[in-house]
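**Q** Each protein sequence line maps, in turn, to chains A and B.
Note that the first sequence ends on residue 246 in our numbering; no numbers are left out.
Note that the second sequence ends on residue 315 in our numbering; no numbers are left out.
The beta-carbon is built from N, C-alpha and C at its ideal position, and this holds for glycine as well.
This one's a predicted model, so the numbers in the text were calculated from it and none came from an experiment.
Take a look at the following structure, please.
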Amino acid sequence: MKPILFLILAAALNFLNAFSPLLAQNMHSENYEIQMGNINMTAGEKSSQNFKLGDTVGQTASGLYTSTGYQIGAGFWYITGIIPFTFTISDIDIDFGQLTANSPQALTNTLSVSAGGAGGYQVLAFENNPLKSASGNYISDVLGDDGDISEATASVWAQDTTHGFGFKMSGDDIPDDFTNPTCDPNCYRQFADPTASPPEEPQIVMSSDNITTLSEATASYKVNISGTQEAGHYQNQIIFIAIPKY
Amino acid sequence: MKLILFLILFSLSLLPLKTAQAQSEEHIWKRVTQTRSQQLMDSLKIDEANISAVVGYSIFTIEGYTSPEARIELSSSQANLGNQQTRADKNGFFRFNNIILPERPGELWLQATDNQGLTSSPVSIPQPPPGIERIEDILLPPTLAHSKGFFQKGSRSLAFGQTIPNSQVEVYLFESQDIPWFKKLLLVLPLPSKKAQAQEKISFPSLNKLTLKTSEDGYFSFDLPNQKNQFFRYYAGSIYQENYSPKSNTLSFRVLSFTEALYQQILLFASKITALIFGFSKDLIFWIFLEIVLLAILIKKYLAKKSQSLKYPNL
């Protein structure tokens, strides 16, 4: 009799163990995959006249965890973006055509970002090299009217006798130096040049710590040459990297 | 026995729990690493904009002839044509294709460097008119060099160069005579009769022309005249399909007499000595050194004479 009791007891323990790990799992079916399934008390979107709230109550170990070098946003609302992360450039072919000495030319395109991540987003930019011709001549990056423009700091470029290539930003989520009262609306920067010595790091041209359904900024590219600029067809590429933050 | 059986059954009952925990821990680890990184990679957006601009107003082609496989450089007086280079083919033909001409390029300059590294004199072309599409049949001058610029009468010095293959080369030699300083003075003084006499006595440089034919590789060479103790200047020009090229660089050489050759050798020796002493060879150093030595000798002689006159005042 007693061995039977032992067997029943062991079977009961085994049965209980089968249900013991209450941890998130990926669940699959023929047509669906549910990632990080969880059992919640309540969840959904609530709204009133002035507020809109999306909540999930009861998720295990949700919240923001930080340590040196890391930041973990655990929970559905950190990961599941209602707003998809998108980045678009309105015009990717900026052709200045024929340039005339001491006659600056400017062209623009628009950068658009939507970001649903809780941490917002960043857009970084750099050039593959300064404007370069097939025979190896350069239109150098502009130094500005006061010689203090860099890839990280905007400064004034208003004179027609200042030569080079640069850009300015206007619109949403742009760095403060583009709207500095001392140079606005002629606050220009160089693009970061990884071929420079020392190499220059990509620089932030748009950033926000908040979610955004649509942030738009206009990049205005400007070029001006001197009478001694070597003839040729000059080209380069501006690379934009849009990074969501969670 | 019962106790052993119980323990076996109990441990078996715990086994699925440990396995499930291990699986779950592994799953959580995978979820955190894989899903998070996958999420980031999917969301990172990279896009690029192409920037382009043209400096210049028209596109043209310029072509001509020089020595085979020479390197030709095209530049402009305004230094705004960029670094344009091309190489001639085996026949000496060269072409710069689709050169973007700046708004104001100034004069165009062409210069060739032949296989031996000799550089031709530059050819200058006036600023092309707007809209020009082609400039052709430019003949670049021959390159020219010689083995010795100073050599003794009767000894040999070779002049050589390179130009268009199978073309004719004309070498022009000028003997220039040394004019004594007093004759030069007479020419500038307002003394009509004496001036006329001086002009009569001064003979103008006499011209000698030498005609050569280049090889299939465009090479030519000739011996410099060595029978006359004289100073010469010379240059060369090529003729291709009855068209004359601009003249080459003008070179000079001197045929030396025995004493002049000896003097040259002494100078050479002295410069080597000064180079050995001072570490570098400069003629100026040699002359300063020589003057110091001469001054020292003169001062010594003067002092010796003075002391002698003091000793024997009646002499």
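Along the chain, where does the beta strand (DSSP E) containing A:P181 start, and where does it finish?
**A** For the purposes of this step, residue 181 of chain A is taken as the residue at position 181 of the first sequence. Where A:P181 is concerned, there is no enclosing beta strand (DSSP E), given that its DSSP letter is neither H nor E.
**Q** Tell me which residues of the segment 39-68 of chain B have at least one Cβ-Cβ distance to chain A shorter than 8 Å, keeping chain order.
**A** Flagged, chain order: Q39, L40, S43, L44, K45, I46, D47, E48, A49, N50, I51, S52, A53, V54, V55, G56 and Y57.
**Q** Assess, as a yes-or-no matter, whether the segment 103-111 of chain A is touched by the segment 191-200 of chain A under the definition of 3 or more beta carbon pairs within less than 8 Å.
**A** The answer is no - the segment 103-111 of chain A does not touch the segment 191-200 of chain A, with fewer than three Cβ pairs under 8 Å.
**Q** Report yes or no: is there a C-beta of chain A within less than 9 Å of the C-beta of B:L294?
**A** Stepping through the second sequence from its first residue, residue 294 of chain B is reached at position 294. Taking Cβ atoms only, chain A never reaches closer than 9 Å to B:L294, which makes this a no.
**Q** Compile a chain-ordered list of the residues in the segment 102-118 of chain B whose CB is closer than 9 Å to at least one CB of chain A.
**A** Cβ contacts with chain A: P102, E103, R104 and P105.
**Q** If you draw a straight line from the alpha carbon of A:D148 to that of A:S155, how long is it in whole angstroms?
**A** The sequence position of residue 148 of chain A within the first sequence is 148, counting from 1. The sequence position of residue 155 of chain A within the first sequence is 155, counting from 1. Straight-line Cα distance between these residues: approximately 7 Å.
**Q** Any idea what DSSP makes of A:D176, helix, strand or coil?
**A** Here residue 176 of chain A is taken as the residue at index 176 of the first sequence, counted from 1. Three-state result, A:D176: helix.
**Q** Who are the neighbours of B:G330 on chain A, taking C-beta pairs under 7 Å?
**A** For chain B, the structure presents residues 1 to 315; residue 330 of chain B sits outside this window and is missing.
**Q** Just mark B:V171 as buried or exposed, buried being the case when its beta carbon has 16 or more other beta carbons within 10 Å.
**A** Here the question's residue 171 of chain B lines up with position 171 in the second sequence. Buried, by the Cβ-count rule.
**Q** What is the DSSP secondary structure of B:Q34, counted as helix, strand or coil?
**A** Taking the second sequence and counting its residues from 1, the one referred to as residue 34 of chain B is at position 34. Summary for B:Q34: the model assigns pLDDT 37, below 50, so the residue's position carries little reliability; its value from the coordinates is reported in the next sentence. Looking at B:Q34 - three-state DSSP - the assignment turns out to be helix.
**Q** Determine whether the Cβ of B:A236 lies closer than 9 Å to any Cβ atom of chain A.
**A** Here residue 236 of chain B is taken as the residue at index 236 of the second sequence, counted from 1. Chain A contact via Cβ: absent.
**Q** Could you pull out every residue in the same chain whose Cβ sits closer than 6 Å to the Cβ of A:A217, ignoring the five residues on either side in sequence?
**A** Reading the first sequence from its first residue, position 217 is the one you call residue 217 of chain A. Answer for A:A217: L111, M169, G171, D172, I174 and M206, listed in chain order.
**Q** Tell me which residues share the same chain as A:T86 and place their Cβ nearer than 6 Å to its Cβ, disregarding the 5 neighbours each side in the sequence.
**A** On the first sequence, residue 86 of chain A is found 86 positions in, with the first residue counted as 1. Once the five neighbours on either side are set aside, the close Cβ partners of A:T86 are S114.
**Q** Would you kindly work out how many angstroms separate the C-alpha atoms of A:D160 and A:A101, rounded to a whole number?
**A** Residue mapping note: residue 160 of chain A aligns to position 160 of the first sequence, counting from 1. Residue mapping note: residue 101 of chain A aligns to position 101 of the first sequence, counting from 1. Their Cα atoms are separated by approximately 9 Å.
**Q** To the nearest angstrom, report how far apart A:V142 and A:Q235 are at their CA atoms.
**A** Mapped onto the first sequence, residue 142 of chain A falls at position 142. Mapped onto the first sequence, residue 235 of chain A falls at position 235. In a straight line, the C-alpha of A:V142 is about 16 Å away from that of A:Q235.
**Q** Mind checking B:L224: buried by the 16 CB within 10 Å criterion, or exposed?
**A** Stepping through the second sequence from its first residue, residue 224 of chain B is reached at position 224. Burial call: buried.
**Q** Would you kindly work out how many angstroms separate the C-alpha atoms of A:A242 and A:A125, rounded to a whole number?
**A** Numbered from 1 along the first sequence, position 242 holds the residue referred to as residue 242 of chain A. Numbered from 1 along the first sequence, position 125 holds the residue referred to as residue 125 of chain A. Cα-Cα distance, rounded: 9 Å.
**Q** Run through chain B and tell me which residues come within less than 9 Å of A:Q235, C-beta to C-beta.
**A** Walking along the first sequence from the start, residue 235 of chain A turns up at place 235. Going along chain B in sequence order, the residues near A:Q235 (Cβ under 9 Å) are N50, I51, S52 and A53.
**Q** I need the straight-line Cα distance from B:W287 to B:E136, nearest angstrom please.
**A** Residue mapping note: residue 287 of chain B aligns to position 287 of the second sequence, counting from 1. Residue mapping note: residue 136 of chain B aligns to position 136 of the second sequence, counting from 1. Their Cα atoms are separated by approximately 53 Å.
**Q** Taking buried to mean at least 16 other C-beta atoms within 10 Å of its own C-beta, is B:H146 buried or exposed?
**A** Numbered from 1 along the second sequence, position 146 holds the residue referred to as residue 146 of chain B. Flag for B:H146 reads buried.
**Q** If you follow the beta strand (DSSP E) that B:A145 is in, where does it begin and where does it stop?
**A** To locate residue 145 of chain B, count along the second sequence from 1; it is residue 145. T143 to H146 is the extent of the beta strand (DSSP E) around B:A145.
**Q** Quick check on this structure: which residue in B:S121, B:K90, B:F258 and B:T119 has the alpha carbon closest to the alpha carbon of B:E69?
**A** The count along the second sequence starts at 1 and reaches residue 69 of chain B at position 69. Taking only the C-alpha atoms, the option nearest B:E69 is B:K90.
**Q** Am I right that B:Q111 and B:S120 are in contact with their C-beta atoms under 8 Å? What's the rounded C-beta distance?
**A** In the second sequence, counting from the first residue as 1, residue 111 of chain B sits at position 111. In the second sequence, counting from the first residue as 1, residue 120 of chain B sits at position 120. The pair is a contact, with the Cβ atoms about 6 Å apart (cut-off 8 Å).
**Q** Going by beta-carbon coordinates alone, are B:P122 and B:S238 separated by less than 9 Å?
**A** Locating residue 122 of chain B in the second sequence gives position 122, counting from the first residue. Locating residue 238 of chain B in the second sequence gives position 238, counting from the first residue. Their beta carbons are not under 9 Å apart, which means B:P122 does not touch B:S238 by this criterion.
**Q** Please decide whether A:Y221 counts as near chain B, where near means a Cβ-Cβ distance under 9 Å.
**A** Within the first sequence, residue 221 of chain A is the residue found at index 221, counting from 1. Cβ-Cβ to chain B under 9 Å: yes for A:Y221.
**Q** Output yes or no for whether 9 Å exceeds the beta carbon distance between A:Q190 and B:V55.
**A** For the purposes of this step, residue 190 of chain A is identified with residue 190 of the first sequence, where counting begins at 1. For the purposes of this step, residue 55 of chain B is identified with residue 55 of the second sequence, where counting begins at 1. No. Outside cutoff.
**Q** I want to see whether chain A comes within less than 9 Å of B:Q78, judged by CB atoms only; does it?
**A** Walking along the second sequence from the start, residue 78 of chain B turns up at place 78. So, interface residue.
**Q** Within 10 Å of its beta-carbon, does B:P130 have 16 or more other beta-carbons around it, so buried, or fewer, so exposed?
**A** As a working note, residue 130 of chain B is residue 130 in the second sequence. Exposed: under 16 other Cβ atoms inside 10 Å.
**Q** For A:H28, count the other beta carbons within 10 Å of its own beta carbon; 16 or more makes it buried, fewer makes it exposed. Which is it?
**A** Position 28 of the first sequence, counted from the first residue, corresponds to residue 28 of chain A. A:H28 comes out exposed.
**Q** Pick out the complete beta strand (DSSP E) segments inside the segment 202-270 of chain B, 3 residues or longer, and give them in chain order.
**A** With a minimum length of 3 residues, the continuous beta strand (DSSP E) runs that stay inside the segment 202-270 of chain B are 206-213, 219-223, 231-240 and 251-256.
**Q** To the nearest angstrom, how far is the alpha carbon of A:S48 from that of A:T195?
**A** For the purposes of this step, residue 48 of chain A is taken as residue 48 along the first sequence, with counting starting at 1. For the purposes of this step, residue 195 of chain A is taken as residue 195 along the first sequence, with counting starting at 1. When rounded, the distance between both Cα atoms is 55 Å.
**Q** Closest by CA to B:W109, which one among B:I100, B:E103, B:R95 and B:S124?
**A** Counting from 1 along the second sequence, the entry for residue 109 of chain B is found at position 109. Comparing Cα positions, the closest option is B:S124.
**Q** Let's test the definition: count the other Cβ atoms within 10 Å of the Cβ of B:Q241 and tell me whether it reaches 16, buried, or not, exposed.
**A** What you label residue 241 of chain B is simply residue 241 of the second sequence in a count that begins at 1. Looking at its Cβ environment, which holds fewer than 16 other Cβ atoms inside 10 Å, B:Q241 is exposed.
**Q** For chain A, is any of its Cβ atoms less than 9 Å away from the one on B:I99?
**A** Along the second sequence, one-based indexing puts residue 99 of chain B at 99. With 9 Å as the cut-off, B:I99 counts as an interface residue toward chain A.
**Q** Between A:G97 and chain B, is there a C-beta pair that is closer than 9 Å?
**A** If you number the first sequence from 1, residue 97 of chain A lands on position 97. Yes, A:G97 lies at the interface with chain B (some Cβ there is under 9 Å from its Cβ).
**Q** Hey, B:T66 and B:F96 are a contact pair by Cβ (cut 8 Å); roughly how many whole angstroms apart?
**A** Here the question's residue 66 of chain B lines up with position 66 in the second sequence. Here the question's residue 96 of chain B lines up with position 96 in the second sequence. At roughly 12 Å, the Cβ-Cβ gap does not stay under 8 Å, so B:T66 and B:F96 are not in contact.
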